[in-house]
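**Student:**
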Amino acid sequence: MIGKCGLLVNASPVGMKKGDASSIDKKLLHKNLSVYDIVYNRQTQLIKDAKAAGLNAAGGLKMLLYQGVWAFRFWTGEKEPPVDVMLEALNKEMESKCRKS
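Using our numbering, the first residue of the sequence shown is number 262, and each one after it goes up by one.
(1) Bridge partners for TYR327 per DSSP, in chain order?
(2) Under the assumption that GLY276 contacts VAL300 (Cβ atoms under 8 Å), give the Cβ distance between them as a whole number of angstroms.
(3) Could you compute how far the alpha carbon of PHE333 sits from the alpha carbon of LYS292?
(4) So is HIS291 in contact with chain D if we call contact Cβ pairs under 8 Å?
(5) Just the Cα atoms here: how many angstroms apart are ALA314 and ALA350?
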């Protein structure tokens, strides 16, 4: 089935814990596949495997960021939240958490 897909999305918690194996056998990754993993607290084995295979691959950090952006807009009424500031704060927090784990 994955061989016919152009996009693979992992929306499971696999990869959230250090040492988690990939949820997908890397032999199934093909050149026309893009990979998106919702996990945002670390680079998962799935993302590492996809990048090693030369595929477009992204983790869930931007998803987390834009959930915050939309919540900010909703609660404050501001149309242009400080996305750069929010991303910088998010990156700093994630780096801090990764060093601790």
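From the three backbone atoms N, C-alpha and C, an ideal C-beta is built for every residue, glycine too.
**Tutor:** This is what the structure holds:
(1) Here the question's residue 327 lines up with position 66 in the sequence shown. None; TYR327 has no bridge partner.
(2) Counted from its first residue, the sequence shown places residue 276 at position 15. Counted from its first residue, the sequence shown places residue 300 at position 39. The beta-carbon separation of GLY276 and VAL300, rounded to 4 Å, stays under the 8 Å limit for a contact.
(3) Residue numbering aside, residue 333 sits at position 72 when the sequence shown is read from its first letter. Residue numbering aside, residue 292 sits at position 31 when the sequence shown is read from its first letter. If you take the alpha carbons of PHE333 and LYS292, they lie about 38 Å apart.
(4) Of the protein chains in the structure, only one exists, and it is not chain D.
(5) Indexing the sequence shown from 1 puts residue 314 at position 53. Indexing the sequence shown from 1 puts residue 350 at position 89. When rounded, the distance between both Cα atoms is 31 Å.
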